[in-house]
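See below for the structure under consideration.
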Amino acid sequence: MFSQFLFDEHIKSRLMKDIKYFKENKDRLNQRYPFERAKKFFISIRKLGITPDTNETYLDQFRQLIGQIGNAMGYVRMIRSGGLNTCSSSIRFVPDFENIISFEEYTRKANLPAETISASKHLDDVISNLVKNFTEGTEYFKILVDVFSNEFRGKKNLHLKNFYVIVPPL
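For any residue, its number in this note's numbering is found by taking its place in the sequence shown, counting from 1, and adding 1.
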């Protein structure tokens, strides 16, 4: 729906008109998008009508879609923060994560039973994983950008680059 909305001829022509207006008047406008212009955009989109199934304007539906995308990104941040919080709570029991000893190595040297050696190997794996997750973290937004950037830059999605112009009317 995001792409379809920005690809619509009525929307695209209005976006192009506003881009041209802004580029020609950016110094006079002090790099600001005038409220009156956003209001005109909103009114022109409202004239396109409402969707029969939801009884909302196309701009209202687009606004909801942007909200849902924002909610999904917020959810990703929340999960990441929760993971880092849990990881930091667990890692506090590791005294020095730069010089981690190998429990498996010590249990082998002490000639302990196989079950103890196996348990110490699992402990080494858990500590290694904790240290890795705590020190590296996971940059989910960078991953998302890396995944989608090539797709958005393709020729079939050139109309998406005009998205910034529709933000003020939203």
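Yeah, the Cβ is synthetic: ideal placement off N, Cα and C, and Gly gets one too.
- Contact between residue 130 and residue 20 is ruled out by a C-beta separation of about 49 angstroms, above the 8 angstroms threshold.
- Within the same chain, no Cβ atom closer than 6 angstroms to the Cβ of residue 127 is found once the five residues on either side in sequence are excluded.
- Partner residues in the beta bridge of residue 58, as assigned by DSSP, are 51.
- Our two residues, residue 114 and residue 108, have alpha carbons roughly 8 angstroms apart in a direct line.
- Taking all protein chains shown into account, residue 166 has 16 or more neighbouring C-beta atoms within 10 Å of its C-beta and is therefore buried.
- Of the residues 106, 44 and 112, the one whose Cα lies closest to the Cα of residue 121 is 106.
- If you draw a straight line from the Cα of residue 81 to the Cα of residue 88, it comes to about 10 angstroms.
- Residue 55 is positioned such that its CB atom lies no closer than 9 angstroms to that of residue 47.
- For residue 16, the enclosing alpha helix (DSSP H) starts and ends at 10-26.
- When rounded, the separation of the alpha-carbon atoms in residue 123 and residue 74 is 34 angstroms.
- Assignment of residue 159 by DSSP, reduced to helix, strand and coil, places it in the helix class.
- By the Cβ criterion, the stretch 33-51 is in contact with the stretch 2-18, since at least three pairs of Cβ atoms, one from each stretch, lie closer than 8 angstroms.
- The Cβ atoms of residue 95 and residue 142 lie no closer than 9 angstroms to each other.
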